[in-house]
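Numbering (the numbering used here), first residue to last: 1315 to 1639.
Heads up, the beta-carbon is just placed ideally off N, CA and C, and yes, glycines get one too.
As the structure is a computational prediction, the values presented were derived from the model and not from experiment.
See below for the structure under consideration.
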Ligand code: T6T
């Protein structure tokens, strides 16, 4: 009898909860706006987001601009707001210029979570300033990433030599933090390393390649480069190769697309700091869903890194951290 009663209760509970899901009757639409659409980092983030959306029965919209800048991203944002998704995940391409356009989403009743990059200071929900309204910031710890890059490059160079950072443009939260973390770590712990002025490439690998060649032409003793994101690193490595110093100038890359993995195998790039963009996408959708269904969510979620070098590049356990094409 007791067993029968137990089954009966369990059955009733199942009925009740499925009844509730039906009564809600709502399938949520979550929009994901990347920094740009044709970047393996964001393509991989989309893959993680799609996996979570499938698991949760959410409709996921992925819409973005062809290149990384606020001038192209803001019209995409406005178009997405007009579609009235239930929640918005976005990688803002500028800390300042996306604040007002994102307030537009909030005014339209759409909760905002930023992924990868942030607006304002990136510290949200504190009641301070004009840019703390996003519910959560889900990303790598980019200051730490820059410090890791400095340590890796200093180790490759035996603690001495001239290096520089190849970067997108000032105002991008992620690469600003990586560069600051890199420079601070070198200053504090590696007095034998000279950090030359940062080169800004507008997320254009060809520009980054040209800059690498010019820096090399001005400094024949250039010892290393920290490529602060995928296009900066790929471009810098190509420039070094074109300048005839492939393998001689050490390159530490942020991000891990197939090309960079190939360059590690040939020795053109020494180390890649792989972010976990699929994890960012997965937790982004999960956090938005939690919020939409009445749960509280943390104002920040930090995702991981994997360091890839010649020693582990063929290890099967590493392959899941190589970005999707
Ligand atoms: O490094 C990533 C991302 O974290 C950054 O904000 C912009 O560049 C990438 O998308 C790589 O291209």
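{"Check": "Using the C-alpha atoms, what's the distance from residue 1345 back to residue 1394?", "Outcome": "7 Å"}
{"Check": "Could you tell me how far apart the beta carbons of residue 1358 and residue 1592 are, in whole angstroms, since I believe they sit closer than 8 Å?", "Outcome": "5 Å"}
{"Check": "For the region 1407-1427 and the region 1378-1392, state whether three or more C-beta atom pairs, one from each stretch, are separated by less than 8 Å.", "Outcome": "yes"}
{"Check": "Does residue 1574 come out as helix, strand or coil in the three-state DSSP assignment?", "Outcome": "helix"}
{"Check": "Since residue 1449 and residue 1478 should fall inside the 8 Å C-beta cutoff, what is the C-beta to C-beta distance between them, to a whole number of angstroms?", "Outcome": "The Cβ separation is near 37 Å, so there is no contact."}
{"Check": "Pick helix, strand or coil for residue 1371, following the three-state DSSP scheme.", "Outcome": "coil"}
{"Check": "Report yes if the C-beta distance between residue 1561 and residue 1541 is below 8 Å; otherwise report no.", "Outcome": "no"}
{"Check": "Use the C-beta contact count for residue 1576: other C-beta atoms within 10 angstroms, 16 or more gives buried, fewer gives exposed.", "Outcome": "exposed"}
{"Check": "If we count the other Cβ atoms within 10 Å of its Cβ and call it buried at 16 or more, is residue 1532 buried or exposed?", "Outcome": "exposed"}
{"Check": "What beta strand (DSSP E) runs, 3 residues minimum, are completely inside the region 1414-1443?", "Outcome": "1426-1429"}
{"Check": "Tell me the rounded alpha-carbon separation between residue 1567 and residue 1465.", "Outcome": "13 Å"}
{"Check": "Quick check: is any heavy atom of the ligand T6T less than 7 Å from the C-beta of residue 1606?", "Outcome": "no"}
{"Check": "Taking 7 Å as the limit, tell me which residues put their C-beta closer than that to any heavy atom of the ligand T6T, in chain order.", "Outcome": "1349, 1353, 1355, 1356, 1382, 1405, 1430, 1431, 1454, 1482, 1486, 1488, 1489, 1517, 1543, 1544, 1545, 1568, 1569, 1589"}
{"Check": "If you draw a straight line from the C-alpha of residue 1569 to the C-alpha of residue 1546, how long is it?", "Outcome": "10 Å"}
{"Check": "In whole angstroms, what separates the C-alpha of residue 1499 from that of residue 1634?", "Outcome": "29 Å"}
{"Check": "Out of 1436, 1586, 1611, which one is the CA nearest neighbour of residue 1445?", "Outcome": "1436"}
{"Check": "Taking the alpha-carbon positions, what's the residue 1429 to residue 1408 distance?", "Outcome": "13 Å"}
{"Check": "Tell me whether residue 1637 sits in a helix, a strand or coil according to DSSP, three-state version.", "Outcome": "coil"}
{"Check": "Are there 16 or more other CB atoms within 10 angstroms of the CB of residue 1564, so buried, or fewer, so exposed?", "Outcome": "buried"}
{"Check": "Taking three-plus beta-carbon pairs below 8 Å as touching, is the region 1512-1524 in contact with the region 1451-1471?", "Outcome": "no"}
{"Check": "Return the chain-ordered list of same chain residues with a C-beta closer than 7 Å to the C-beta of residue 1630, the five sequence neighbours on each side being excluded.", "Outcome": "none"}
{"Check": "Going by DSSP in three states, residue 1489 sits in which element: helix, strand or coil?", "Outcome": "helix"}
{"Check": "Rounded to whole angstroms, what is the Cα-Cα separation between residue 1340 and residue 1557?", "Outcome": "58 Å"}
{"Check": "Any chance you could list the beta strand (DSSP E) runs of at least 3 consecutive residues sitting entirely within the region 1467-1532, in chain order?", "Outcome": "1475-1481, 1507-1509"}
{"Check": "Please classify residue 1397 as buried or exposed, where buried requires at least 16 other C-beta atoms within 10 Å of its C-beta.", "Outcome": "exposed"}
{"Check": "Are residue 1599 and residue 1354 closer than 8 Å when you measure CB to CB?", "Outcome": "no"}
{"Check": "Going by other Cβ atoms of all chains shown within 10 Å of its Cβ, with 16 needed for buried, is residue 1610 buried or exposed?", "Outcome": "exposed"}
{"Check": "Just to confirm, is the Cβ distance from residue 1390 to residue 1379 under 8 Å?", "Outcome": "yes"}
{"Check": "With DSSP as the reference, please indicate the residues paired to residue 1621 in a beta bridge.", "Outcome": "1587"}
{"Check": "Measure the C-alpha to C-alpha separation of residue 1375 and residue 1404 and round it to an integer number of angstroms.", "Outcome": "11 Å"}
{"Check": "Can you list, in chain order, the residues of its chain with a C-beta nearer than 8 Å to that of residue 1514? Leave out the 5 residues immediately preceding and following it.", "Outcome": "1481, 1482, 1483, 1484"}
{"Check": "May I have the straight-line CA-CA distance separating residue 1622 from residue 1573, to the nearest angstrom?", "Outcome": "13 Å"}
{"Check": "Taking residue 1427 as the reference, which of 1620, 1608, 1603, 1627 has the closest Cα?", "Outcome": "1603"}
{"Check": "Leaving out five residues before and five after residue 1639 in sequence, what residues of the same chain have Cβ atoms less than 8 Å from its Cβ?", "Outcome": "1354, 1357, 1571, 1572"}
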